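Participant: Got a structure for you, written out below as structure tokens; questions coming shortly.
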Amino acid sequence: MSFPLLTAVAVVPAVGAIATAALPAAKRNEAKWLALLFSLATFALALVVAFRFDPGAKGPFQLTESHAWISDFGVRYELGVDGIAVALIALTTLLIPFVILAGWHDADPLEEATPNRRWRPTQGFFALILAVEAMVVLSFEATDVFLFYIFFEAMLIPMYFLIGGFGDQAGGDGEEREAGRRSYAAVKFLLYNLAGGLIMLAAVIGLYAVTADQLGSGTFSLQQIVEARAAGKLDIGTGTERLLFLGFFFAFAVKAPLWPLHTWLPGAMGESTSPVAVLITAVVDKVGTFAMLRFCLQLFPEASSWATPVILVLALISVLYGALLAVAQRDIKRLIAYASISHFGFIILGIFAMTTQGQSGATLYMVNHGISTAALMLVAGFLISRRGSRLIADFGGVQKVAPVLAGTFLIGGLATLSLPGLAPFVSEFLVLVGTFSRYPVIGIIATLGIVLAALYVLVLYQRTMTGPVKTEVKSMPDLRARELVVVAPLIALLLFLGVYPKPLTDLVDPAVGHTLSVVDKKDPKPTVQVDAVPGQGRPGHTVRDQDVEAAK
Numbered sequence: 004m005s006f007p008l009l010t011a012v013a014v015v016p017a018v019g020a021i022a023t024a025a026l027p028a029a030k031r032n033e034a035k036w037l038a039l040l041f042s043l044a045t046f047a048l049a050l051v052v053a054f055r056f057d058p059g060a061k062g063p064f065q066l067t068e069s070h071a072w073i074s075d076f077g078v079r080y081e082l083g084v085d086g087i088a089v090a091l092i093a094l095t096t097l098l099i100p101f102v103i104l105a106g107w108h109d110a111d112p113l114e115e116a117t118p119n120r121r122w123r124p125t126q127g128f129f130a131l132i133l134a135v136e137a138m139v140v141l142s143f144e145a146t147d148v149f150l151f152y153i154f155f156e157a158m159l160i161p162m163y164f165l166i167g168g169f170g171d172q173a174g175g176d177g178e179e180r181e182a183g184r185r186s187y188a189a190v191k192f193l194l195y196n197l198a199g200g201l202i203m204l205a206a207v208i209g210l211y212a213v214t215a216d217q218l219g220s221g222t223f224s225l226q227q228i229v230e231a232r233a234a235g236k237l238d239i240g241t242g243t244e245r246l247l248f249l250g251f252f253f254a255f256a257v258k259a260p261l262w263p264l265h266t267w268l269p270g271a272m273g274e275s276t277s278p279v280a281v282l283i284t285a286v287v288d289k290v291g292t293f294a295m296l297r298f299c300l301q302l303f304p305e306a307s308s309w310a311t312p313v314i315l316v317l318a319l320i321s322v323l324y325g326a327l328l329a330v331a332q333r334d335i336k337r338l339i340a341y342a343s344i345s346h347f348g349f350i351i352l353g354i355f356a357m358t359t360q361g362q363s364g365a366t367l368y369m370v371n372h373g374i375s376t377a378a379l380m381l382v383a384g385f386l387i388s389r390r391g392s393r394l395i396a397d398f399g400g401v402q403k404v405a406p407v408l409a410g411t412f413l414i415g416g417l418a419t420l421s422l423p424g425l426a427p428f429v430s431e432f433l434v435l436v437g438t439f440s441r442y443p444v445i446g447i448i449a450t451l452g453i454v455l456a457a458l459y460v461l462v463l464y465q466r467t468m469t470g471p472v473k474t475e476v477k478s479m480p481d482l483r484a485r486e487l488v489v490v491a492p493l494i495a496l497l498l499f500l501g502v503y504p505k506p507l508t509d510l511v512d513p514a515v516g517h518t519l520s521v522v523d524k525k526d527p528k529p530t531v532q533v534d535a536v537p538g539q540g541r542p543g544h545t546v547r548d549q550d551v552e553a554a555k
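Here is the structure:
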């Protein structure tokens, strides 16, 4: 029996969460180092998964594990990874150590306890982060629909406590935040996602009923259902398939988040500490877009094609709406939150463009957005903690007193606007090319998101970092050693993947090809300009490439 590597990647942070939480209250520093150690061990295991994964191997999943679990209901403990899952597991396990380091003092006991400033258990903060990591990793690995659903929902509980119990103390008005606002943001996050999860649960049960009726015994196995459909043994009626698709998609659109189901995100990110905000948008939200690729498209190919026009319009609205609201923000963290809504619109646009370039770009966007948003949000967190305010107007001239902080903030911002040479540019370019090749009007309109991104990022930098040095900023220290350890590797990755994305594209392209084959979609044939051929039309007319061959 081979070593259960995928299980180990999830078990290590789960054990770390238990061990960290079990430490005595006086062992706060030990809890931090223990959590960091477990997160690094998890990343090491994720690297082993990446090195053992063979992008050229046949079959949709590798390193598979399958064990009977709840046999009476067809539930199995089934894990497996494709290139997309490997990339996102690597992203998740890479970011968690930086999240822990960036939040090193975010749960320290407060000198003075008031109704709005409560003592917060250090052990609980880091244990909850590791618990989220374990559940996200299992969500990327699960190939049993019911198993996926359990961890898709379970991750909401530790996130709820991270948002509501360890919220940001820096106010939008320079005053400390009211505890009620954190609680409101946490409850809204939980209710939105629970509502999506309950609708998905109904669809999961419906899928089981269909398989039980047609296959003789119900199953939740993704691979078994896809193979049964390909072999003609499972025929989900058109109406039923569309209803099931909507149940799954609604839950994933809430998590993603897609307009108009996005309204929980700005509050959740704004009221969270900056490391927890990174956890939300760079890690947890990626489960939604990943699940669209793995479950919506593969389980319900006909319904996915049927819903594509509406989803593309919603994604386009997300791109423009998120960018426009980011331009209007006065709060740094809410600006980054609305920018993320715009970026998730690009990701969903690429997924449902149903082209190789679009889906490869969407997958790269998930990874690159995670890195760029983590860099920008964490540096913003360091900036906010120094000033004690999130208002853009409370800053000015920072680059004169803290040039390294300003420089890293600029690089993170330029990556957010997809500057050529930085990693997100490749992703955004592929998404737009893939969308334009099948839906040119939507592709053209979506490019406005790039213009708006340049506006909100450059205006943010100009107002916070340039100009006269404000009195409250004069004594602001530059980045410390721990903060440089957090930011420098992220900046290096943005540069490396910006000029050499081939390792990621080689990893995800086979999985994208498999997904498109299941949905039965092929890339649109390009058109070319040819000289006139006798009997084939006027000079310079546009023809399909197969027409050129026929003319010859």
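Using the working numbering, read the sequence shown as starting at 4 and increasing by one per residue. Backbone N, C-alpha and C define an ideal beta-carbon position, used for all residues, glycine too. Computed from a predicted structure; not experimentally measured.
Using the rule of at least 16 other Cβ atoms within 10 Å of the residue's Cβ for burial, across every protein chain shown, is GLU136 buried or exposed?
Facilitator: Counting from 1 along the sequence shown, the entry for residue 136 is found at position 133. GLU136 is buried by the Cβ-count criterion.
Participant: Express the C-alpha separation of GLN465 and ASP176 in angstroms, rounding to a whole number.
Facilitator: By one-based count along the sequence shown, residue 176 stands at place 173. By one-based count along the sequence shown, residue 465 stands at place 462. The pLDDT assigned to ASP176 is 45, lower than 50, so where the model puts this residue is not dependable; a value taken from the coordinates is nonetheless given after this. Each residue's alpha carbon lies about 20 Å from the other.
Participant: Under the rule that 16 or more other beta-carbon atoms within 10 Å means buried, what is MET32, buried or exposed?
Facilitator: As a working note, residue 32 is residue 29 in the sequence shown. Position check: residue 32 holds Asn in this sequence, whereas Met was assumed. Per the 10 Å Cβ criterion, exposed.
Participant: Any chance you could list the alpha helix (DSSP H) runs of at least 4 consecutive residues sitting entirely within the region 272-354, in chain order?
Facilitator: 277-281, 289-294, 304-331, all fully within the region 272-354.
Participant: By Cβ distance, which residues of its chain are closer than 8 Å to GLU68, with the 5 residues on each side in sequence left out?
Facilitator: Position 65 of the sequence shown holds residue 68. Same-chain partners within the cutoff: PRO7, LEU9, THR10, TYR80, GLU81, LEU82, GLY83.
Participant: Near PHE398, which residues of its chain fall below 6 Å by C-beta distance, leaving aside the five closest residues on each side in sequence?
Facilitator: Taking the first residue of the sequence shown as 1, we reach residue 398 at position 395. Closer than 6 Å at the Cβ level, and outside the excluded window around PHE398, lie THR467.
Participant: Could you tell me the alpha carbon to alpha carbon distance between GLN332 and LEU210, rounded to whole angstroms?
Facilitator: Counting from one through the sequence shown, the residue named residue 332 turns up at place 329. Counting from one through the sequence shown, the residue named residue 210 turns up at place 207. Between GLN332 and LEU210, the C-alpha separation is close to 43 Å.
Participant: Per DSSP, which one or two residues make a beta bridge with VAL78?
Facilitator: Reading the sequence shown from its first residue, position 75 is the one you call residue 78. Bridge partners of VAL78: ILE73.
Participant: If you draw a straight line from the C-alpha of PHE357 to the C-alpha of ALA491, how long is it?
Facilitator: The residue given as residue 357 occupies position 354 in the sequence shown. The residue given as residue 491 occupies position 488 in the sequence shown. The displayed chain sequence assigns Met, not Phe, to residue 357. C-alpha separation (whole angstroms): 36 Å.
Participant: Would MET158 pass as a contact of VAL139 if the rule is Cβ separation under 8 Å?
Facilitator: The residue you call residue 158 lines up with position 155 of the sequence shown. The residue you call residue 139 lines up with position 136 of the sequence shown. Yes. Within cutoff.
Participant: If you check the beta carbons only, do LEU367 and VAL511 fall under 8 Å apart?
Facilitator: For the purposes of this step, residue 367 is identified with residue 364 of the sequence shown, where counting begins at 1. For the purposes of this step, residue 511 is identified with residue 508 of the sequence shown, where counting begins at 1. The answer is yes: Cβ separation under 8 Å.
Participant: In terms of residues, what are the limits of the alpha helix (DSSP H) holding PRO443?
Facilitator: For this step, residue 443 is matched to residue 440 along the sequence shown. That run of the alpha helix (DSSP H) goes 443-449.
Participant: Pick helix, strand or coil for ASN119, following the three-state DSSP scheme.
Facilitator: For the purposes of this step, residue 119 is taken as the residue at position 116 of the sequence shown. Any reading at ASN119 must be qualified, since the residue scores a pLDDT of 44, below 50, and its modelled position is unreliable; the value itself is stated next. Three-state DSSP puts ASN119 in coil, outside helix and strand.
Participant: CB-CB under 7 Å to VAL89, same chain, minus the five flanking residues each way: which ones, in chain order?
Facilitator: To locate residue 89, count along the sequence shown from 1; it is residue 86. Contacts found: VAL52, ALA53, PHE56, LEU510.
Participant: Could you spell out the range, first to last residue, of the alpha helix (DSSP H) harbouring HIS517?
Facilitator: The residue labelled residue 517 in the question sits at position 514 within the sequence shown. Element bounds for HIS517: 505-522.
Participant: Kindly indicate the opening and closing residues of the alpha helix (DSSP H) around MET162.
Facilitator: Locating residue 162 in the sequence shown gives position 159, counting from the first residue. Unbroken alpha helix (DSSP H) run through MET162: 159-168.
Participant: Tell me which same chain residues have a C-beta within less than 7 Å of the C-beta of LEU237, skipping the five on either side of it?
Facilitator: Here residue 237 is taken as the residue at index 234 of the sequence shown, counted from 1. These residues qualify, in order along the chain: THR214, GLN217, LEU218, ILE228, ALA231.
Participant: Output the boundary residues of the alpha helix (DSSP H) element that contains THR469.
Facilitator: One-based indexing of the sequence shown puts residue 469 at position 466. Neither: THR469 is in no alpha helix (DSSP H) and is coded neither H nor E.
Participant: Within 10 angstroms of its Cβ, does HIS108 collect 16 or more other Cβ (buried), or is it exposed?
Facilitator: For the purposes of this step, residue 108 is taken as the residue at position 105 of the sequence shown. It is exposed - the Cβ of HIS108 has fewer than 16 other Cβ atoms within 10 Å.
Participant: Would DSSP call ASP397 helix, strand or coil?
Facilitator: Numbered from its first residue, the sequence shown carries residue 397 at position 394. It is helical.
Participant: Around the C-beta of VAL444, are 16 or more other C-beta atoms found within 10 angstroms, so that it is buried, or is it exposed?
Facilitator: For the purposes of this step, residue 444 is taken as the residue at position 441 of the sequence shown. Exposed, by the Cβ-count rule.
Participant: If you drop the 5 nearest sequence neighbours on each side, which residues of the same chain put their C-beta closer than 7 Å to that of LEU204?
Facilitator: Along the sequence shown, read from residue 1 onward, the residue named residue 204 stands at position 201. Only TYR152 meet the Cβ criterion.
Participant: Alpha carbon to alpha carbon, what distance is there between LEU338 and LEU435?
Facilitator: Here residue 435 refers to the residue found at position 432 of the sequence shown. Here residue 338 refers to the residue found at position 335 of the sequence shown. Spanning the two alpha carbons is a distance of roughly 23 Å.
Participant: On the DSSP letters alone, give me the boundaries of the alpha helix (DSSP H) that GLU475 sits inside.
Facilitator: Start at 1 with the first residue of the sequence shown, and residue 475 comes out as number 472. That residue, GLU475, is in no alpha helix (DSSP H); it is neither H nor E in DSSP.
Participant: Can you list, in chain order, the residues of its chain whose CB lies under 6 Å from that of GLU178, leaving out five sequence neighbours each side?
Facilitator: Indexing the sequence shown from 1 puts residue 178 at position 175. Note that GLU178 scores 41 on pLDDT, short of 50, meaning its location in the model is unreliable and no value can be drawn from it.
Participant: If we ignore side chains and look at the alpha-carbon of each, how far apart do LEU98 and PHE355 end up?
Facilitator: As a position in the sequence shown, residue 98 is number 95, starting the count at 1. As a position in the sequence shown, residue 355 is number 352, starting the count at 1. Each residue's alpha carbon lies about 27 Å from the other.
Participant: Taking 8 Å as the threshold, find out whether the region 378-396 comes into contact with the region 476-492 through three or more Cβ pairs.
Facilitator: The answer is yes - the region 476-492 touches the region 378-396, with three or more Cβ pairs under 8 Å.
Participant: Less than 7 Å between C-beta atoms, sequence neighbours within five positions excluded: which residues of the same chain meet that for LEU328?
Facilitator: Counted from its first residue, the sequence shown places residue 328 at position 325. Closer than 7 Å at Cβ, skipping near neighbours: TYR341.
Participant: By how many angstroms is the C-alpha of ALA71 removed from the C-alpha of GLU144?
Facilitator: Taking the first residue of the sequence shown as position 1, residue 144 is located at position 141. Taking the first residue of the sequence shown as position 1, residue 71 is located at position 68. The straight-line gap from Cα to Cα measures roughly 16 Å.
Participant: With a cut-off of 8 Å on the beta carbons, I'd call LYS1 and GLY270 a contact; round off their distance for me.
Facilitator: Nothing about residue 1 can be read from this structure; the chain reaches only from 4 to 555.
Participant: In whole angstroms, give me the CA-to-CA distance for PRO124 and ASP526.
Facilitator: The count along the sequence shown starts at 1 and reaches residue 124 at position 121. The count along the sequence shown starts at 1 and reaches residue 526 at position 523. Distance between the alpha carbons of PRO124 and ASP526 is about 53 Å.
Participant: Beta carbon of GLY501, beta carbon of LEU417: below 8 Å?
Facilitator: As a first step, residue 501 must be located in the sequence shown, where it is residue number 498. As a first step, residue 417 must be located in the sequence shown, where it is residue number 414. Not closer than 8 Å, so no.
Participant: Using a Cβ-Cβ cutoff of less than 8 Å, which residues in the same chain neighbour GLY59 once the five nearest sequence positions on both sides are dropped?
Facilitator: Counted from its first residue, the sequence shown places residue 59 at position 56. So the qualifying residues of the chain are PRO513.
Participant: Quick one: any contact between the region 306-319 and the region 360-375, if contact means 3 or more CB pairs under 8 Å?
Facilitator: As far as the Cβ criterion goes, the region 306-319 does not touch the region 360-375, which means the pair count is below three.
Participant: Cβ atoms of SER343 and VAL322: under 8 Å apart, would you say?
Facilitator: Here residue 322 is taken as the residue at index 319 of the sequence shown, counted from 1. Here residue 343 is taken as the residue at index 340 of the sequence shown, counted from 1. Not closer than 8 Å, so no.
Participant: Helix, strand or coil for SER440? Go by DSSP, reduced to three states.
Facilitator: Looking up residue 440 in the sequence shown gives position 437. SER440 falls in the helix class under three-state DSSP.
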